[in-house]
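One structure below.
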Amino acid sequence: MQFTQLGRSGLSVSRLCLGTMNFGPLTSEADSHAIMDAAHGYGINFFDTANAYGLRSAGASGQGEGKGYTESIIGRWFAQGGGRRERTVLATKVYSPMGEWPNEGRLSALNIRRALDASLTRLQTDHIDLYQFHHVDRATPWDEIWQAIDVAVTAGKILYVGSSNFAGWHIAAAQAAAAQRGTFGLVSEQPIYNLLTREIELEVLPAARHYGVGLLPWSPLHSGLLGGVLRKEREGRRRVEGRAAQALEAHRTQIGAFEDFAAELGQEPGDVALAWLLHQPAVTAPIVGPRISQQLDDAVRALDVTLDDKALARLDEIFPGYRTAPEHFAW
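In the numbering used here, the protein residues as written are 1 to 331.
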């Protein structure tokens, strides 16, 4: 396994982060535990979850009971001992409403305190290594948010803080407020980022590099569309529905060219898509969210894929990206 530091921090994390959103809703607890053991076997020490994960959707075949269930699955895995918690850099999130009563969501000082304690209980641990704001809260001032975080850090309940789904100026505002308080601020941002979705290159990626914030891209395969979907469709192994089907039709030509290029490289499309992210500046670790163990095995292969300048240029031709703002649209 390859390791790097998370943003400008001294924290060492694996170049792949294990996402757990499927644990409960789509993956049974026993299989979830097996996947986490396998992740440690590969040397993956970085696990990501959220307090809201675990709600089973209609038609799902897993055992999800409701929001918080995924954290509970991880907590019961930690409770088995064997160094599971000690070897894991644990990241979870706060923001989503966990109930219908006021102050059961967002980033007020009250909710941060309550949500953090609830996550610690479900996860059966005494601290969170990386506590992330799941979304920006425009209704709560940064002074209040950072004050609540400072209290939790002083109490030893949080070590580092990150964000998710922030705009570039949100990162700047958060870091300015943290600097005024003399605190460390954000060390990571978790955006959607993949070959098909590259808008963060305009402002989020430059902001992350400027402030020393590591990027943890979610949906690195764009819900499987970059994982060889056309070949699987031809072989009758996958049927795409809903929004994914609409996205596939909108980008069918690009995806076809991408799969052909991956074949030229002698690589699986999903491996190339993950490897491309690992070559991008400021990216610390793409988040891979396996539903079954085989998907984790597949993801690890990307660490051995090297893309030269010619290959990277070809991928930019297939999936054009963005230059830094304002150069992209004004200069």
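Cβ coordinates follow ideal geometry from the N, Cα and C atoms, glycine included.
Since the structure is predicted, the reported quantities are computational estimates derived from the model, not experimental observations.
**As assigned by DSSP and simplified to three states, the class of residue 319** = The answer is coil: DSSP assigns residue 319 none of H, G, I, E or B.
**Request:** List the DSSP bridge partners of residue 218.
**Result:** Bridge partners of residue 218: 192.
**Message:** Looking at the secondary structure, which residues open and close the alpha helix (DSSP H) in which residue 180 lies?
**Reply:** Residue 180 -> alpha helix (DSSP H) spans 168-181.
**Message:** Comparing C-alpha positions only, which one of 269, 186, 263 sits nearest to residue 222?
**Reply:** Residue 222 has its Cα closest to that of 269, out of 269, 186, 263.
**Message:** Within the continuous alpha helix (DSSP H) that includes residue 145, where are the two ends?
**Reply:** The continuous alpha helix (DSSP H) containing residue 145 extends over residues 142-154.
**Message:** When you compare the segment 198-205 with the segment 178-188, are there three or more beta-carbon pairs, one atom per stretch, that lie closer than 8 Å?
**Reply:** Below 8 Å, too few C-beta pairs join the segment 198-205 and the segment 178-188 to call them touching: fewer than three.
**Message:** Can you tell me whether residue 93 is helix, strand or coil according to DSSP?
**Reply:** For residue 93, the three-state secondary structure derived from DSSP is strand.
**Residues bridged to residue 163 [DSSP beta-bridge criterion]** = 133, 189.
**Prompt:** Three-state secondary structure (DSSP) at residue 254?
**Reply:** Residue 254 falls in the helix class under three-state DSSP.
**Request:** Below 8 Å CB to CB, which residues in the same chain sit around residue 233 once its five sequence neighbours on both sides are set aside?
**Result:** Non-local C-beta neighbours of residue 233 in its own chain, meaning closer than 8 Å and more than five positions away in sequence, comprise 239, 240, ordered along the chain.
**residue 288, DSSP secondary structure in three states** = Look at residue 288 here: in three-state DSSP terms it is strand.
**Asked** Can the beta-carbon of residue 285 be found less than 8 Å from the beta-carbon of residue 46?
**Response** Yes, they are a contact pair.
**Message:** Three or more C-beta pairs under 8 Å: does that hold for the segment 117-130 against the segment 156-167?
**Reply:** The count of Cβ pairs closer than 8 Å, one atom from the segment 117-130 and one from the segment 156-167, reaches three, so the stretches are in contact.
**Asked** Taking the C-alpha atoms as reference points, what is the distance between residue 298 and residue 17?
**Response** Between residue 298 and residue 17, the alpha-carbon positions lie close to 14 Å from each other.
**Request:** Report back the beta-carbon spacing between residue 118 and residue 165 to the nearest angstrom; my notes put them in contact at under 8 Å.
**Result:** Wrong, their Cβ atoms sit about 21 Å apart, outside the cutoff.
**Request:** Confirm, please, whether the CB-CB distance from residue 307 to residue 275 is below 8 Å.
**Result:** The criterion of a C-beta distance shorter than 8 Å is satisfied by residue 275 and residue 307.
**Message:** In this structure, how does DSSP classify residue 184 when only helix, strand and coil are distinguished?
**Reply:** In the structure shown, residue 184 sits in coil (DSSP, three-state: anything other than H, G, I, E or B).
**Prompt:** DSSP three-state call for residue 5: helix, strand or coil?
**Reply:** Residue 5: strand per DSSP, three-state reduction.
**Asked** When the Cα of residue 32 is compared with those of 316, 289, 105, 282, which residue comes out closest?
**Response** Selected option, being the one with the closest Cα: 289.
**Asked** Excluding the five sequence neighbours on either side, which residues of its own chain have a C-beta within less than 6 Å of the C-beta of residue 124, listed in chain order?
**Response** Answer for residue 124: 75, 78, 79, listed in chain order.
**Request:** Would you mind reading off the limits of the beta strand (DSSP E) that contains residue 47?
**Result:** It spans 46-48 - the beta strand (DSSP E) in which residue 47 sits, taken as one unbroken run.
**Message:** Suppose the cutoff is 8 Å on Cβ atoms and the five residues either side in sequence are ignored; what does the same chain contact list for residue 167 look like?
**Reply:** If we look at residue 167 and ignore the five residues flanking it on each side, its Cβ neighbours are 136, 203, 204.
**Message:** Given this structure, state the Cα-to-Cα distance separating residue 110 from residue 126, to the nearest angstrom.
**Reply:** Cα to Cα, residue 110 sits roughly 19 Å from residue 126.
**Asked** For the putative contact between residue 226 and residue 196, defined by C-beta atoms under 8 Å, what is the C-beta separation to the nearest angstrom?
**Response** Going by Cβ atoms, the distance from residue 226 to residue 196 rounds to 7 Å, so yes, they are a contact pair.
**Message:** Need the endpoints of the alpha helix (DSSP H) that residue 116 sits in, please.
**Reply:** Where residue 116 is concerned, the enclosing alpha helix (DSSP H) stretches over 109-123.
**Prompt:** Closest to residue 152 by CA distance: which of 187, 112, 38, 67 is it?
**Reply:** Of the listed residues, the one whose Cα sits closest to residue 152 is 112.
**Request:** Over the uninterrupted alpha helix (DSSP H) stretch that includes residue 223, give me the two end residues.
**Result:** No alpha helix (DSSP H) holds residue 223; DSSP gives it neither H nor E.
**Pairwise C-alpha distance: residue 189 and residue 89** = Between residue 89 and residue 189, the C-alpha separation is close to 16 Å.
**Request:** Take residue 192 as the anchor and find which of 252, 67, 218 has the nearest alpha-carbon.
**Result:** Distance check between residue 192 and each of 252, 67, 218 places 218 closest, using alpha-carbon atoms only.
**Request:** Going by DSSP, name the residue or residues bridged to residue 13.
**Result:** BP columns for residue 13 point to 4.
**Prompt:** CA-CA distance, residue 26 and residue 330?
**Reply:** Cα to Cα, the separation comes out at about 45 Å.
**alpha helix (DSSP H) segment containing residue 279, residue limits** = Where residue 279 is concerned, there is no enclosing alpha helix (DSSP H), because DSSP gives it neither an H nor an E.
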